[in-house]
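Visitor:
Residue numbers (the working numbering): -12 to 414.
(1) If you draw a straight line from the C-alpha of residue 284 to the C-alpha of residue 216, how long is it?
(2) Which residues in the same chain as residue 251 place their Cβ atom closer than 6 Å to its Cβ, once the five residues preceding and following it in sequence are excluded?
(3) Could you check where the beta strand (DSSP E) with residue 345 kicks off and where it finishes?
(4) CB residue 417 to CB residue 375, shorter than 8 Å?
(5) In its own chain, which residues sit with a C-beta less than 6 Å from the C-beta of residue 361, not counting the 5 before and 5 after it?
(6) So who's on the other strand from residue 416, going by DSSP bridges?
(7) Using the DSSP secondary-structure output, state which residues sit across from residue 89 in a beta bridge.
(8) Please list the terminal residues of the continuous alpha helix (DSSP H) segment that includes residue 152.
(9) Taking 6 Å as the limit between beta carbons, can you name the residues of its chain near residue 33, skipping five residues before and five after?
(10) In terms of residue numbering, what span does the beta strand (DSSP E) encompassing residue 286 cover?
(11) Residue 209 and residue 303: beta carbons closer than 8 Å?
(12) So, under 8 Å CB-CB, residue 90 and residue 164 are touching, yes? Tell me the CB distance rounded to an integer number of Å.
(13) Between which two residues does the beta strand (DSSP E) harbouring residue 254 extend?
(14) Only counting runs of 3 or more residues, tell me where the beta strand (DSSP E) segments fall wholly within the segment 179 to 243, in order along the chain.
(15) Let me know if residue 22 comes out buried or exposed under the rule of 16 or more other beta-carbons within 10 Å of its beta-carbon.
(16) What distance in whole Å lies between the Cβ atoms of residue 358 and residue 256, which are believed to be in contact at a cut-off of 8 Å?
(17) Once you ignore the five residues that flank residue 267 on each side, which residues in its own chain have a CB closer than 7 Å to its CB?
(18) Do you know how far the Cα of residue 258 is from the Cα of residue 102?
(19) Evaluate the contact criterion for the segment 312 to 328 versus the segment 225 to 244: three or more CB pairs, one atom per stretch, below 8 Å.
(20) From the DSSP output, read off the bridge partner residues of residue 391.
(21) With residue 58 as the anchor, note down where its alpha helix (DSSP H) starts and where it stops.
(22) Among the residues of its own chain, which have a CB less than 7 Å from the CB of residue 92, if the five just before and after it don't count?
(23) Determine the direct distance from the alpha carbon of residue 153 to that of residue 62, and round the result to whole angstroms.
(24) Please check the pair residue 212 and residue 291, which I expect to be a contact at CB under 8 Å, by giving their CB distance rounded to whole angstroms.
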């Protein structure tokens, strides 16, 4: 736990909601006004932190080793074990997993609104077996068969380095929460299931999970998933094919219809825009059997919830119509069942939101020209917003994520570290 270096003062009156709003406004203003008092961060140590994190295996559902590394680093820096906790988020996910979210709550050494810095610990499967190699200011995997895992170990490095710097240098700070989320890559489960009360109900929140350091992501699309099961009628494909109903034929007709009518891929209808994709199809066991079953997985995305629902309904209708088009010689038909679930709801922050203004002003104080972005992919920030914690997402240097070409720009990463320490500690 961080300790104050200031002279002990008499206890002040309890904070009111008005106090919290006023202090939050001062936070946003001070970042723009006080450009000379920028807290320093040990960039060499920050670089070592991210290189160490990149070496640790930890795909979605297997984050425990990453979490224990972070926990040990905090304890070694003097953090009280009483402010470090794991929730039970992993027990609420389809994967279950090896640990819950890692949450670190620092009491403030001065008055102010609680601030949250976060990143996710898991990586995608292509990063298994990565061997990070440093060449100048670029980090890539030395194993050509794997990605690097900078998404989002670079974010973890930023958040961890900030906490360690505050602990080691005893930097004065308001109440802080450091949130290391699980299972982002498989449905944003850590952010989806975390309790706002466990995070201390912060007033400002910053998610480090992106590339360009000047980019402030203040909104993201919403996404819905569909699991589609087609039940056909099996028959011998050589002796009596006319007695069967092919589940593959039904699926093919539905997909072709979606494509022809403009409801698959990029979907543009008037001024509305979204996307859909049939990404997984499993069917059949032998060439001499009319396919009895087909299972498909699809998704629909859109910034407009009503239009996204139209895309989902178009997918449902396409499969319902396809079922009625395929009949056996005796008139029998197959069936289709579709289950849906919301992955994440769309959100968009106002540019005057305190978190957005504060991040914008800090980047300007560091000599950068921030710009705003709306993501077409889901972020932990989607569920943070849904949980009542408006969160802006900042870049920390990762590029070509989810591929074997992934790389980390250490110059950008170090700017993100300087940004984070300012966001955490500035008056």
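Where is the CB? At the ideal position from N, CA and C, for every residue including glycine.
Guide: If we stick to the structure as given:
(1) What you label residue 284 is simply residue 297 of the chain shown in a count that begins at 1. What you label residue 216 is simply residue 229 of the chain shown in a count that begins at 1. Their Cα atoms are separated by approximately 9 Å.
(2) For this step, residue 251 is matched to residue 264 along the chain shown. Close CB contacts of residue 251 within its chain, under the 6 Å cut and outside five residues either way in sequence, are with 245 and 263 (chain order).
(3) Here residue 345 refers to the residue found at position 358 when the chain shown is read from its first residue. For residue 345, no beta strand (DSSP E) segment is defined; the enclosing uninterrupted segment is the alpha helix (DSSP H) at 341 to 352.
(4) Residue 417 is absent from the model: the chain starts at -12 and stops at 414.
(5) What you label residue 361 is simply residue 374 of the chain shown in a count that begins at 1. 206, listed in sequence order.
(6) In the structure as shown, the chain starts at -12 and stops at 414, and residue 416 therefore has no counterpart that could be examined.
(7) Within the chain shown, the letter at position 102 stands for residue 89. Residue 89 is bridged to 73 and 167.
(8) The residue given as residue 152 occupies position 165 in the chain shown. Annotation for residue 152: the continuous alpha helix (DSSP H) segment containing it runs 137 to 156.
(9) Counting from 1 along the chain shown, the entry for residue 33 is found at position 46. The answer, listed in chain order, is 148 and 404.
(10) One-based indexing of the chain shown puts residue 286 at position 299. Here the beta strand (DSSP E) through residue 286 covers 280 to 289.
(11) Working through the chain shown from its first residue, we reach residue 209 at position 222. Working through the chain shown from its first residue, we reach residue 303 at position 316. No; because the gap between Cβ atoms is not below 8 Å, this pair is not in contact.
(12) Position 103 of the chain shown, counting from 1, holds the residue named residue 90. Position 177 of the chain shown, counting from 1, holds the residue named residue 164. In this structure residue 90 touches residue 164 by the C-beta definition: roughly 7 Å separates them, less than 8 Å.
(13) Stepping through the chain shown from its first residue, residue 254 is reached at position 267. For residue 254, the enclosing beta strand (DSSP E) has its first and last residue at 252 to 256.
(14) 191 to 195, 202 to 207 and 209 to 218, all fully within the segment 179 to 243.
(15) Stepping through the chain shown from its first residue, residue 22 is reached at position 35. With a pLDDT of 49 at residue 22, under the threshold of 50, the modelled position of that residue is not reliable, and the figure given next carries that caveat. Burial state of residue 22 is exposed, judged by a 10 Å Cβ sphere holding fewer than 16 other Cβ atoms.
(16) For the purposes of this step, residue 256 is identified with residue 269 of the chain shown, where counting begins at 1. For the purposes of this step, residue 358 is identified with residue 371 of the chain shown, where counting begins at 1. Not a contact, Cβ separation roughly 29 Å.
(17) To locate residue 267, count along the chain shown from 1; it is residue 280. Around residue 267: 283 and 284.
(18) Against the chain shown, residue 102 aligns to sequence position 115. Against the chain shown, residue 258 aligns to sequence position 271. Going by the C-alpha atoms only, they are around 38 Å apart.
(19) Contact between the segment 312 to 328 and the segment 225 to 244 is present, because at least three Cβ pairs lie under 8 Å.
(20) Here the question's residue 391 lines up with position 404 in the chain shown. None; residue 391 has no bridge partner.
(21) Walking along the chain shown from the start, residue 58 turns up at place 71. Boundaries of the alpha helix (DSSP H) around residue 58: 51 to 63.
(22) The residue labelled residue 92 in the question sits at position 105 within the chain shown. Excluding residues within five positions, the ones whose Cβ falls inside 7 Å are 70, 164 and 187.
(23) Within the chain shown, residue 62 is the residue found at index 75, counting from 1. Within the chain shown, residue 153 is the residue found at index 166, counting from 1. Straight-line Cα distance between these residues: approximately 13 Å.
(24) Walking along the chain shown from the start, residue 212 turns up at place 225. Walking along the chain shown from the start, residue 291 turns up at place 304. Taking a contact as a CB-CB distance under 8 Å, the pair residue 212 and residue 291 does not count as one, their CB atoms being some 18 Å apart.
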